[in-house]
Amino acid sequence: MPAIVIIALIVCGSITLTILGCVSMGTSYAEKKRGLQQGASQRDLEALQQQVSKIHDEIDSLKIQLQELIQIAKGITQ
Numbered sequence: 000m001p002a003i004v005i006i007a008l009i010v011c012g013s014i015t016l017t018i019l020g021c022v023s024m025g026t027s028y029a030e031k032k033r034g035l036q037q038g039a040s041q042r043d044l045e046a047l048q049q050q051v052s053k054i055h056d057e058i059d060s061l062k063i064q065l066q067e068l069i070q071i072a073k074g075i076t077q
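In structure tokens, the structure reads:
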């Protein structure tokens with residue numbers, strides 16, 4: 000009799016885990032599909048391009064400031 004109970008628990012546990020796995024995979028797929036709707040990735044790309052452009056402008060500004068510092072340092076040492 001205890002063997003039948005153990006087997007029944009194993010079967011019920013396996014069925015429960017299978018159902019939970021399927022639900023988890025289904026919700027994950029639905030979220031991924033919703034996130035890949037047309038336009039969502041385009042907005043992300045535009046935001047990244049704006050950030051890259053801003054960083055590029057900051058780098059250009061830093062280059063100019065660095066050149067000025069080099070000129071100041073050369074003027075002091077000469």
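Numbering-wise, numbering that gives the first Met the number 0 puts 31 at position 32 of the sequence shown, and it's gapless, one number per residue. Yeah, the Cβ is synthetic: ideal placement off N, Cα and C, and Gly gets one too. Every value quoted in this text rests on a predicted model; they were computed, and no experiment measured them.
Would DSSP call methionine 24 helix, strand or coil?
To locate residue 24, count along the sequence shown from 1; it is residue 25. In this structure, methionine 24 counts as helix in the three-state DSSP scheme.
Measure the C-alpha to C-alpha separation of alanine 72 and leucine 65 and round it to an integer number of angstroms.
Taking the first residue of the sequence shown as 1, we reach residue 72 at position 73. Taking the first residue of the sequence shown as 1, we reach residue 65 at position 66. Taking the straight line from one Cα to the other gives about 10 Å.
In whole angstroms, what separates the C-alpha of arginine 33 from that of serine 40?
Stepping through the sequence shown from its first residue, residue 33 is reached at position 34. Stepping through the sequence shown from its first residue, residue 40 is reached at position 41. Approximately 11 Å, taken between the alpha carbons.
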